[in-house]
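Following: one structure in structure tokens, then a few remarks.
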Amino acid sequence: MIHFLKLEVLHNSIADYLIAFSIMALGILAIRLFQRLLHKRLKYWARQTASSWDDTVLQLLERALIPFLYLGVVYLGLDNLSLHPPILKQLINGLLLIASTVIAVRLLVTLCEKGLQFYYRRRDDGENLEKIAHALIPALRTVAWSLGGIFVLDNLGFNVSAMLAGLGIGGVAIALASQGLLVDLFSYFAILVDRPFELGDVIQMGNLMGTVKHVGIKTTRIQSVSGEEVIIANKDLTSGQVHNYKRMEQRRVVFQLGVAYQTPLEQLKTIPDLIRHIIEPMEHTRFDRAHFSRYGDTGLNFEVVYFVQGNDYRRYMDIQQAINLELKQEFEQQGIQFVQTAPAGATQK
Numbered sequence: 023m024i025h026f027l028k029l030e031v032l033h034n035s036i037a038d039y040l041i042a043f044s045i046m047a048l049g050i051l052a053i054r055l056f057q058r059l060l061h062k063r064l065k066y067w068a069r070q071t072a073s074s075w076d077d078t079v080l081q082l083l084e085r086a087l088i089p090f091l092y093l094g095v096v097y098l099g100l101d102n103l104s105l106h107p108p109i110l111k112q113l114i115n116g117l118l119l120i121a122s123t124v125i126a127v128r129l130l131v132t133l134c135e136k137g138l139q140f141y142y143r144r145r146d147d148g149e150n151l152e153k154i155a156h157a158l159i160p161a162l163r164t165v166a167w168s169l170g171g172i173f174v175l176d177n178l179g180f181n182v183s184a185m186l187a188g189l190g191i192g193g194v195a196i197a198l199a200s201q202g203l204l205v206d207l208f209s210y211f212a213i214l215v216d217r218p219f220e221l222g223d224v225i226q227m228g229n230l231m232g233t234v235k236h237v238g239i240k241t242t243r244i245q246s247v248s249g250e251e252v253i254i255a256n257k258d259l260t261s262g263q264v265h266n267y268k269r270m271e272q273r274r275v276v277f278q279l280g281v282a283y284q285t286p287l288e289q290l291k292t293i294p295d296l297i298r299h300i301i302e303p304m305e306h307t308r309f310d311r312a313h314f315s316r317y318g319d320t321g322l323n324f325e326v327v328y329f330v331q332g333n334d335y336r337r338y339m340d341i342q343q344a345i346n347l348e349l350k351q352e353f354e355q356q357g358i359q360f361v362q363t364a365p366a367g368a369t370q371k
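Position 258 of the sequence shown, counted from 1, bears residue number 280 in the numbering used here, the numbering being contiguous throughout.
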């Protein structure tokens with residue numbers, strides 16, 4: 023029996039093989055017992071709590087610690103053997119390096135994902151969290167896997183610096199060609215992180231006004247109030263002035279009306295109160311002021327200011343229409359004549 027154990031096969035005795043396989047078998051058995059007993063208890067404990075951190079710890083155990091333990095016992099077992107030719111040992115070490123790097127990158131990506139989710143969960147609702155995570159996490163994965171690939175190549179003996187330098191020569195031309203795309207990409211991340219607007223918001227940029235339908239890596243799609251879809255580069259949205267009407271708590275409305283110069287003084291004095299009595303009873307409005315503001319070219323001008331609660335444009339137009347109709351009715355009853363003046367305007371607050 024002792025003679026059999028001393029027999030050599032591929033530069034290792036039978037006893038060496040038995041020791042190596044025993045180490046791997048016992049290690050794998052111990053890991054399996056850990057998964058069956060302790061890991062199962064941890065899962066049960068995590069289900070009983072409302073916190074998400076214990077679920078994160080379990081996920082890290084499953085995606086990183088357990089695979090590392092398996093790699094560890096395989097390495098300990100093979101380390102007891104004399105592997106020939108030497109290239110075989112280098113191959114195995116290379117495979118172990120790649121496997122451990124993959125596990126480490128997965129661990130890093132998971133930590134980054136959970137960290138981002140924890141950060142945005144404290145600031146945003148679930149919808150915003152999902153949009154931000156969908157945009158940032160793929161970029162983080164790309165960076166993490168790129169760094170992992172460079173680490174593996176460097177440890178396998180490749181001259182990474184020379185490779186990167188070679189890529190850099192052609193990269194200059196590529197960078198020049200893709201400069202606009204990169205600007206839009208960074209603008210895309212700026213929109214997602216800073217959130218000047220979101221999907222469904224009504225925004226205005228210059229003469230364009232519409233609803234945000236899609237925010238892409240390079241462009242944003244807006245459905246204008248006239249119905250067509252307008253595509254705008256992200257860099258234009260971050261560099262220009264954008265009005266977001268969804269976040270408007272109230273709309274400040276300013277309009278002017280003019281009456282004829284022949285209007286008697288006593289009637290002029292009653293016009294501000296007449297306007298106030300029309301606007302104040304209306305729902306969702308807050309009257310601010312009405313004044314005889316100036317002498318116009320064609321008549322006597324009055325300036326009226328009131329507020330409409332909320333950001334509903336249709337509500338604002340319904341209220342303005344009701345005001346105009348009642349003003350027309352009251353002025354006709356009082357015998358006050360309208361004259362042309364500056365057009366109505368509206369601002370927001």
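Glycine included, C-beta positions come from ideal geometry on N, C-alpha and C.
Excluding sequence positions up to five before and after R298, its CB lies within less than 7 Å of the CB of F309 and A312, all in the same chain and listed in chain order. For D310, the enclosing beta strand (DSSP E) stretches over residues T307 to Y317. The shortest C-alpha to C-alpha distance from I244 to any of T260, S261, Q278 and I225 is the one to I225. Taking the CA atoms as reference points, V276 sits about 11 Å from F324. With respect to the C-alpha of W167, the residue from T123, G280, L133 and L118 having the closest C-alpha is T123. DSSP places N256 in the uninterrupted alpha helix (DSSP H) bounded by N256 to S261. Closest in C-alpha terms to Q284, from the list S261, H265, T320 and Y267, comes T320. Here I225 carries a strand assignment [DSSP, helix/strand/coil]. Taking the Cα positions, L118 is about 42 Å away from V237. Beta-bridge pairing by DSSP links I253 to R243. Residue environment analysis places T164 among the exposed positions, since fewer than 16 neighbouring C-beta atoms fall within 10 angstroms of its C-beta. Assigned with DSSP and collapsed to three states, G94 falls in helix. The alpha-carbon of D101 is positioned some 38 Å away from that of P160.
With a beta-carbon spacing of about 7 Å, L162 and V131 fall inside the 8 Å limit used to define contacts.
L51 sits exposed, since fewer than 16 C-beta atoms from the chains shown fall within 10 Å of its C-beta.
Between F219 and N266 a beta carbon distance of about 5 Å is seen, short of the 8 Å cut, so the two are scored as contacting. Per DSSP, reduced to three states, the secondary structure at G232 is strand. For a cut-off of 8 Å, the C-beta gap from M231 to N333 is around 13 Å, too long to register as a contact. Pairing A42 with L103 gives a Cβ-Cβ distance under 7 Å. Here the alpha carbons of G179 and I172 stand approximately 11 Å from one another. The beta carbon of E348 lies closer than 8 Å to those of I300 in the same chain, with the five residues before and after it left out.
Judged by DSSP in its simplified three-state form, N177 adopts helix. With at least 16 other beta carbons inside 10 angstroms of its own, T363 counts as buried. In the three-state scheme derived from DSSP, where H, G and I count as helix and E and B as strand, L51 is classed as helix.
G116 places its beta carbon 7 Å or farther from that of M46. Counting along the chain, L279 sits inside the beta strand (DSSP E) bounded by residues Q272 to V281.
Each residue's CA atom was taken as its position, placing N346 and K136 some 56 Å apart. Secondary-structure assignment with DSSP links F360 through a beta bridge to V281. Restricting attention to Q289, Y328, T307 and Q342, the CA atom closest to the CA of Q355 is found in Q289. Residue pairing by DSSP places Q351 opposite no residue, since no beta bridge is assigned to it. Contact between V361 and V264 is ruled out by a C-beta separation of about 38 Å, above the 8 Å threshold.
Membership of L322 in any alpha helix (DSSP H) is not indicated; the residue belongs instead to the beta strand (DSSP E) covering L322 to Q331. Looking at the DSSP output, H265 shares a beta bridge with Q226.
Nearest neighbour of I53 by Cα position, chosen from L87, A37, L40 and Y39, turns out to be L87.
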